[in-house]
Amino acid sequence: DAKTTQPTSMDCAEGRAANLPCNHSTISGNEYVYWYRQIHSQGPQYIIHGLKNNETNEMASLIITEDRKSSTLILPHATLRDTAVYYCIVRVPLLYSGGGADGLTFGKGTHLIIQP
Amino acid sequence: DAGITQSPRHKVTETGTPVTLRCHQTENHRYMYWYRQDPGHGLRLIHYSYGVKDTDKGEVSDGYSVSRSKTEDFLLTLESATSSQTSVYFCAIKISGGEEDTQYFGPGTRLTVL
C-alpha cells in the first residue's frame, strides 16, 4: 500500500470548515483513499473513501486531485466532538489484491483540535 | 457501529494466565480482524478470518491464537499472557460492495497484564 503524509496537528475554530490534507504521491491506479478518525479511547471510525471522483456523505467530503497524488478531507461545520486523530490510508481493495492479509496500515495521522 | 461488540471491554490479568477476548457481529460478514494498538506503533494486525474455521496470521501473531466456529464470533486467545501483550485490542469486520470494501471497528478491549 502507498505511503501517506499528513500534518501532525491542526487547529480549527468551531463552526468553521476543517480541511485536512493528505499526500499520497506514489498511489497506484487501483488504490483507494480512505479516511478514518479515532476519538480518544474509542475504536477507529470510518469516515469516507474514494478512488478518483470527489465524494460526499453525511459526515464529510473527500476531494481528490486530478493526478490522485493528494486529497483533502473536509468537515464542513466542525464541532468540538470532531476533535480526534484523522488517518488517511491508501489501499487496494481485496478484490484486486489477490487475497492474503489486508489489514489496514494506520500512520501517525493528524491530530485535529477544534477550538471553541 | 456496524453491529460489532467486544467483550470484555476492560480486563486486568496476571502474567501466565490464559485470556480470551470475544468479538461479536450481528450481520454475518465474512471477514473479521483482530488488531492491537500501542503507543508509537499504531494499529497492527494480529490475525484475521475469511470464513468459519478459516483464519490466518497477520503482522504480530506470535503469542496469539484465534478461532471462528460460527460466522458471528471471532475469538482471540492469549494462551499465557505476558506484560508485552498489555494493549488495546480492536476487532473489525469488512463490508464489501462491488469492487470496494471497508473495515469497521469495534469499541475495543483494554487489556492489562500485570
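Line by line, the protein sequences are chains B and H.
Be aware that the first sequence starts at 1, since it is given in this note's numbering, and climbs by one per residue.
Be aware that the second sequence starts at 1, since it is given in this note's numbering, and climbs by one per residue.
No residue lacks a Cβ here, since even glycine has one placed at the ideal position from N, Cα and C.
If you check each beta-carbon in the region 83-110 of chain H against every beta-carbon of chain B, the ones closer than 7 Å belong to Phe90, Glu99, Glu100, Asp101, Thr102, Gln103, Tyr104, Phe105, Gly106, Pro107, Gly108.
Within a 10 Å sphere around the beta-carbon of His49/B sit 16 or more other beta-carbons, which makes this residue buried. Within 8 Å of the CB of Tyr32/B, the CB atoms of chain H belong to Glu100, in sequence order along the chain. Non-local C-beta neighbours of Pro8/H in its own chain, meaning closer than 7 Å and more than five positions away in sequence, comprise Thr109, ordered along the chain. In this structure, Thr86/H lies away from Thr15/H, with their beta-carbon atoms at least 8 Å apart. Glu100/H has Gly97/H as its beta-bridge partners, per DSSP. If you ignore the 5 residues before and after Leu78/H, its C-beta comes within less than 7 Å of the C-beta of Pro18, Val19, Gly63, Tyr64, Gln85, all in its own chain and listed in chain order.
Within chain H, the residues whose beta carbon sits less than 9 Å from that of Tyr46/B are Ala2, Thr102, Gln103, Tyr104, Phe105, listed in sequence order. Using a Cβ-Cβ cut-off of 8 Å, Gln42/B is close to Pro107, Gly108 of chain H, given in chain order. With 16 or more other Cβ atoms from the protein chains shown falling within 10 Å of its own Cβ, Gln6/B counts as buried.
Using a CB distance cut-off of 8 Å, Gly107/B counts as an interface residue toward chain H. The beta-bridge partner set that DSSP reports for Lys11/H consists of Leu111/H.
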